[in-house]
DNA sequence: TTTAATCTACCAAACGTTTGGTAAAAAAAT
DNA sequence: ATTTTTTTACCAAACGTTTGGTAGATTAAA
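Protein chains in written order, with this note's numbering: chain P, 1 to 192; chain F, 193 to 384.
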């Protein structure tokens, strides 16, 4: 029988989907194997352990955000407002259409005291997000300190809205927050 | 050895402490028994199952917030600002000094797709918080709809800050958010 | 002496992981 | 071009451990 090989990307995508729905601890190797069309033991042909798999998933997702989302912020071909729009619409797309809410927060909170390797990746994700957001505010003419604080507040607001969206099963929390972010961003004074 | 009987409150408090540190799935019955000074088998003298215990813990905590925190909002002996202060300082105390961050959010996200009974309690907690917060804004003269939206935004902001505080291990996120909340609340126009 | 609380010992099920083996595909040797 | 060898992909079964939960003996209090 001709056996089509699973490539890394497919495995990571399938596994992410399971981890998103069940979290880390409640996800079994059986779940992960099934999601990849395999039996429990067979998935060890591709991965070394459940923990390693999660680390790979987190790394890949962080890399995706760095290269495809946060990088837009430094694209000098776009206006400052357009850069924010890119960032916002990517956030909206990911939070709304994928089944998960914010994966980094979910896994981060669940494994905070048990899996320091996960925590490390997740923290670096947020620090990159802060940096991108702060850079945008600086482009608007705010001084470094104010931009930093405003960036952190913005991220906190978005994350809080995502959480409520998940828990209360109402997407309006996030929609409203993102719209509000765009509005107040436009009102922020611009340096010419 | 003298065996003093454990009362419900102590059991719930000890168990809460474990659940806060490890979450639901990573907490074992052994952990819970040890935290109560018992061996695994003995704790079943007090509880019927791990799931039932968690439900009791969530219920008790929700009841605590209703009676001791949110209720302050309706206390006509206090000024509107004083009522907000009560709410804020309670929040700060709980989030900062207990080991856990926001228990409801942590457990809510972890068990969202696996334990609907938990979700139900957690949702009702947030709805009570919304109601209290909206009532405060109404006392400030805002119309019902605006007050509701502002209340939800406020809760989202606080929760986002608590999450970042936990994940990045920096209490400043929350402190800043709560200070900001008090400031903007005072600036909101008051109806005489 | 009765009753309540705790310990010890245990169970069945589920967990993550390893093993022995098989069949097909790819590579190497003829 | 055919055969032999090696590699790849997978399965079924089992491993040792841990899980939530139970039953009976033991201890302490009333």
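Just so you know, even glycine gets a beta-carbon here, dropped at the ideal spot from N, CA and C.
Keep in mind the model is a prediction, meaning the values are calculated, not measured.
- Taking the C-beta atoms as reference points, residue 203 of chain F is found no nearer than 8 Å to residue 221 of chain F.
- Collapsing the DSSP output to three states places residue 218 of chain F in coil.
- Under the DSSP assignment, residue 124 of chain P falls in the alpha helix (DSSP H) whose first and last residues are 116-139.
- Against chain F, a Cβ distance below 8 Å from residue 65 of chain P picks out nothing, because the smallest value is about 15 Å.
- Annotation: the continuous alpha helix (DSSP H) that includes residue 296 of chain F extends over 295-302.
- If you ignore the 5 residues before and after residue 309 of chain F, its C-beta comes within less than 7 Å of the C-beta of 247, all in its own chain and listed in chain order.
- Residue range 364-379 is occupied by the alpha helix (DSSP H) that includes residue 364 of chain F.
- Interface annotation, residue 122 of chain P: in contact with chain F, CB-CB separation under 8 Å.
- With contacts defined as CB atoms closer than 8 Å, residue 282 of chain F and residue 261 of chain F qualify as a contacting pair.
- In the structure shown, residue 41 of chain P adopts helical secondary structure according to DSSP, grouped into three states.
- Look at the stretch 348-373 of chain F: the residues with a C-beta under 8 Å from a C-beta of chain P are 348, 349, 350, 351, 352, 353, 355, 356, 358, 359, 360, 365, 368, 369, 372.
- For residue 356 of chain F, the closest alpha carbon among the candidates F:288, F:375, F:381, F:214 is that of F:288.
- The way I'd put it, the stretch 125-133 of chain P doesn't touch the stretch 203-212 of chain F; fewer than three beta-carbon pairs between them come closer than 8 Å.
- Identification of chain F residues near residue 105 of chain P by a Cβ-Cβ cut-off of 8 Å yields 301, 355, 359, ordered along the chain.
- Here the C-alpha atom of residue 21 of chain P lies approximately 15 Å from the C-alpha atom of residue 109 of chain P.
- Around the CB of residue 229 of chain F, fewer than 16 other CB atoms lie within 10 Å, so the residue is classed as exposed.
- When DSSP states are grouped into helix, strand and coil, residue 20 of chain P belongs to the helix group.
- Chain order gives no chain F residues near residue 36 of chain P, where near means a beta carbon separation below 9 Å; the closest approach is about 20 Å.
- Here the C-alpha atom of residue 379 of chain F lies approximately 51 Å from the C-alpha atom of residue 50 of chain P.
- A contact is defined here as three or more CB-CB pairs under 8 Å, and the stretch 173-184 of chain P meets this definition with respect to the stretch 155-163 of chain P.
- Annotation: Cβ neighbours of residue 214 of chain F in chain P (cutoff 8 Å, chain order): 113, 114.
- For the stretch 126-140 of chain P, the residues whose beta carbon sits under 7 Å from a beta carbon of chain F are, in order, 126.
- Proximity of chain P to residue 218 of chain F at the Cβ level (cut-off 7 Å) is accounted for by 25, 114, in chain order.
- Here DSSP, grouped into helix, strand and coil, assigns residue 350 of chain F to helix.
- The C-beta separation of residue 245 of chain F from residue 224 of chain F comes to about 7 Å, placing the pair in contact by the 8 Å criterion.
- In the structure shown, the three-state DSSP call for residue 47 of chain P is coil.
- C-alpha of residue 311 of chain F to C-alpha of residue 58 of chain P: approximately 26 Å in a straight line.
- Judged by their CB atoms, residue 374 of chain F and residue 272 of chain F are not nearer to each other than the 8 Å cut-off.
- Ranked by how close their Cα comes to the Cα of residue 122 of chain P, the residues F:257, F:359, F:217 have F:359 in first place.
- In the structure shown, residue 271 of chain F falls within a coil segment according to DSSP collapsed to helix, strand and coil.
- Per the coordinates, the alpha-carbon of residue 149 of chain P lies some 41 Å from the alpha-carbon of residue 35 of chain P.
- For residue 299 of chain F against residue 215 of chain F, the beta-carbon gap comes to about 7 Å, under 8 Å, which counts as contact.
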